[in-house]
Amino acid sequence: MVRSVKVELRKTLGKSSLTTEQLSTVLTEIEGMINSRPITYVGSETEEPIPLTPAHFIIGKQITSLPPVRLHLVCV
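Residues in the sequence shown are numbered from 1 upward in steps of one, following full-length UniProt numbering.
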């Protein structure tokens, strides 16, 4: 698991420097991608197999998109 995150970080960032907020965003996207990878497939012979992912164990369903971003506007 750690290796998977390191590989994706290297692919995404290269030698870039990020702020804490940007790093958090990138790690959240990598988390979603890793938790969406199929472990195996389940289903009967008559139906098309459905991928079983780590997200099924974490949240009970497949992750289809990232959660919406909540912006906090500060008026100056």
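Cβ atoms here follow ideal geometry from the backbone N, Cα and C, with glycine treated the same way.
All of these numbers come straight from a predicted model, not from anything done at the bench.
Three or more C-beta pairs under 8 Å: does that hold for the region 47–59 against the region 9–27?
Counting Cβ pairs under 8 Å, fewer than three are found: no touch.
Please report the straight-line C-alpha distance between L73 and S17, rounded to a whole angstrom.
What you label residue 73 is simply residue 73 of the sequence shown in a count that begins at 1. What you label residue 17 is simply residue 17 of the sequence shown in a count that begins at 1. Only weak support exists for where L73 lies, its pLDDT of 49 falling under 50; the coordinates are left without a value.
Hey, G54 and I30: beta-carbon distance below 8 Å or not?
As a first step, residue 54 must be located in the sequence shown, where it is residue number 54. As a first step, residue 30 must be located in the sequence shown, where it is residue number 30. A small correction: the amino acid at residue 54 is Pro; Gly does not occupy that position in the sequence shown. Contact flag unset, no.
From the DSSP output, in three-state form, read off L9 for me.
For this step, residue 9 is matched to residue 9 along the sequence shown. Residue state, collapsed to three classes: helix.
Rounded to the nearest angstrom, what separates N35 and K6 at their Cα positions?
Locating residue 35 in the sequence shown gives position 35, where the first residue counts as 1. Locating residue 6 in the sequence shown gives position 6, where the first residue counts as 1. C-alpha separation (whole angstroms): 15 Å.
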